[in-house]
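In the UniProt record's numbering, the protein residues as written are 1 to 943.
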């Protein structure tokens, strides 16, 4: 293989230098990287030719091309509303969170001791949401408002008294919300009714109702009586509420609602052409243990000090699997952190002032427009136009303002914090009216908020930019992210998120575009998306790709719904069984359940592959009802299974479809295409293989790629607009906006454009090299559990600690915590096999960092041996006491059986750049028994 030169971006992306790669190959006993790949990757799946992609661009060329693409978008004053508003991201937050690798390269906080900064930020988010909604428990964000309402509907259905009753959505709910909920309900077989609930509850059994506050028309209504009547009828109530409006109006909890959901987008998160935006969910007491998504809680560490962690982790889908009631496994953590810091920066009085400014501008405009439909509103007006709506919207657009065309007789106008008097004057000119000096507030006394909110000191302590900057720096210093160390998480592909890829996402020409802006204003966005979808289709071997799903779990659901609707279109209503290997990602089973399928588990053979006999038996038993099989390739065990084509053929011969989970695509790009070796559909993780950063647990993008026969069933447009470039797509919408989390797509576009065909292929080969190098060097210390027939692994390897645990008592968790003292994030813990660590080094880590990790693991094995020999008692060993905080190390009370130096600096190299965890090992069980999910008093941290 010819390695890239220093002038190519791919050389910056790929860690090992040519000489390093030669050393690694020598350790493995292979003469060349190509020979290693030829042996590791089955010939039966290899592609004959390279990828047909445009030539790689340099960094300057890529930025120039992105500038040209961005220039094709038209920036305008966005007053369309409908759940999306322009906002001001305070520069201190934009630069030091949204654009800071210390925040955006962090992984999900499953290792809480090294995640205290982002966990505190997310706890601030939960506290802010709880206060604003007046409900006692909120989660740490969901994916978008529409899917959050869908999650709330499912929560009501499993918690309400009338379990067989229908769910009623108010006609004034956002149209994209109604579309997404209907799609989920159809797959699960329950009834959705859309009704004007201002006329009261409909007759018959109702399981739950969903209200919008304010409604999509802008109307503000007192829902207290309706909520009380719904409860009397045995129904639960969800209110989709605008967080900014809740600073002025009576919150859902005070009106009796059981659940509140919505979007935090207007708290400082750019429009991003529809996403990523953090949704929220808050619930009344008694529903907290059914709350979907992640919940940050307060527990205590080994010294009894308060410490944050993800609470109730046993609800995660890798445990609940086919019994799951939600497939949510990620969040919008980075965007929730931005929103929380917006709240910290402005405080309750600042948020209220912003809301009052928004409302006063809407009121001033309402005073000028005699055709306003609703007299009570917060920020949005619905104005009668008597057949001239399109004319008025077009006239406003010519003056640089986008309004909403509600229908031929009505225009929607939404104000936000960026709305100015000049904007109001322009609108008045369009409507041919005079703008008065002011307008009367329209929020009636019975709807005005009287309760306090956001009273915790954190929302008052950091109001100057100086203090805000220091707070953000202090929090990020408590965390261990990719900007400080390798994160060797198996199946999570924590690779380089290059600065050149990240730079364009905050350009105004990308960031300030409304998802429902006229198509001729979004030519740049649609060109970039179409080009990225085409490149991903070439990479995967499928006919078409949709980037709408805004997480891997949502891509899974979209793919399974496509399979379901394909079978239905052929009259195969009975095909509802989904085969899933026992080793699969937990979201596979959860997604299948949400797609209305019955999960049948296929056994894993001794070598980690799919058990052939059991597969054939399950196929035969379900031949007439088989809908699909979901497999991960390479397998979840990190192995290229030689028989993947045979597995696909067996399922196809029984009339089923093959879903190939794209979680491990980083081992295939440029070498093999799932769409060509048997797959009918795959989802991809752009936040893994294609360099969108994990952001502490989101944003994610999970595009769905399908073969030709499934193209018509790709996700449709939730906003109900059929467009010329839909290519016949009319499937179930998955996300609120047509292009999901579009705002982060320039990252993946740039990555593919910068790497080109040769660079992408070289990255895959280097990922295989790195994983096999780590496996070979660690195998004698921690046996590699699974490998292929050739003794090689794919892009990750599983280290088996079970025999060591049986002999010494030292667990995989002990090793994970001790790695913190060595300055590393742990590998994936106890998945897919309990008692193991799954390591994925990725192609971006250079030889020095790989060796640093290997040295740490070998040193830890030496410590395990000292426990095994009886030199140390396990409970008093550095393994069980890890991680060691600076406070513990400087304490006068040091009685450990090992010296402080070994605790803090087990390797000499750590003396030059040492990370200290801010807390000791956290008591997870205590946190689950004593659920505290809002900011604790400041004094608890000052003792």
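Just so it is clear, CB atoms sit at the ideal spot from N, CA and C, and this is done for glycine as well.
Remember, it's a predicted structure, so these values are computed and weren't measured experimentally.
Closest Cα partner of residue i within the set the options
i	options	result
residue 435	362, 471 and 466	362
residue 496	847, 177, 691 and 431	691
residue 56	10, 34, 46 and 101	10
residue 681	632, 287, 785 and 701	632
residue 49	549, 669, 729 and 696	669
residue 917	474, 637, 390 and 549	474
residue 289	931, 935 and 304	931
residue 270	509, 789, 555 and 864	509
residue 745	847, 895 and 533	533
residue 126	114, 116 and 141	141
residue 209	185, 223, 187 and 236	236
residue 467	96, 401 and 357	96
residue 666	705, 760, 704 and 717	760
residue 504	465, 134, 131 and 66	66
residue 492	863, 698, 886 and 82	698
residue 343	540, 437, 90 and 574	90
residue 920	865, 817 and 891	817
residue 520	481, 397 and 294	397
Per DSSP, cross-strand counterpart(s) of residue i
i	result
residue 44	Beta-bridge pairing links residue 44 to no other residue.
residue 191	Paired residue(s): none; residue 191 is not in a bridge.
residue 138	282
residue 407	410
residue 546	704
residue 263	279
residue 784	799
residue 300	306
residue 73	522
residue 377	219
residue 240	212 and 261
Residue burial classification, residue i (beta-carbon count within 10 angstroms, cutoff 16)
i	result
residue 31	exposed
residue 828	buried
residue 694	buried
residue 346	buried
residue 724	Since pLDDT at residue 724 reaches only 41, below the 50 mark, its modelled position is unreliable, and the value read off the structure follows with that caveat. By the 10 Å Cβ count, residue 724 comes out exposed.
residue 207	buried
residue 872	buried
residue 754	buried
residue 675	buried
residue 277	buried
residue 108	buried
residue 199	exposed
residue 895	exposed
residue 448	exposed
residue 937	exposed
residue 803	exposed
residue 164	exposed
residue 158	exposed
residue 609	buried
Cβ separation of residue i and residue j, assumed to be a contact under 8 Å, to the nearest whole Å
i	j	result
residue 219	residue 170	Their Cβ separation, rounded to whole angstroms, is 10 Å, which puts residue 219 and residue 170 out of contact at 8 Å.
residue 341	residue 138	With a Cβ gap of about 16 Å, residue 341 and residue 138 do not count as contacting.
residue 333	residue 268	Residue 333 to residue 268, Cβ: 15 Å. No contact.
residue 212	residue 233	Not a contact, Cβ separation roughly 20 Å.
residue 861	residue 782	7 Å
residue 86	residue 418	5 Å
residue 944	residue 778	Nothing can be reported for residue 944: it is not among the residues displayed for the chain, which extend from 1 to 943.
residue 808	residue 868	4 Å
residue 485	residue 823	6 Å
Minimum Cβ-Cβ distance from residue i to chain C less than 9 Å
i	result
residue 760	Protein chains in the displayed structure number just one, and chain C is not present.
> Counting only runs that start and end within the region 583-643, where is the alpha helix (DSSP H) found for 4 or more residues in a row?
Replying inline: 586-594 and 612-621
> Going along the chain, which unbroken runs of the beta strand (DSSP E) with 3 or more residues stay wholly within the region 654-691?
Replying inline: 657-662 and 681-684
> Can you list the alpha helix (DSSP H) stretches of 4 or more residues lying completely in the region 105-135, in chain order?
Replying inline: 116-133
> Which ranges would you report for the alpha helix (DSSP H) in the region 165-213 if only whole runs of at least 4 residues count?
Replying inline: 175-188
> Fully enclosed by the region 5-41, which alpha helix (DSSP H) runs are 4 residues long or longer?
Replying inline: 9-13, 18-28 and 33-40
>> Suppose only complete runs of 4+ residues qualify. What are the alpha helix (DSSP H) ranges in the region 379-407, listed by chain order?
In response: 389-398
> Can you list, in chain order, the stretches of the beta strand (DSSP E) that have 3 or more residues and sit fully within the region 805-841?
Replying inline: 836-839
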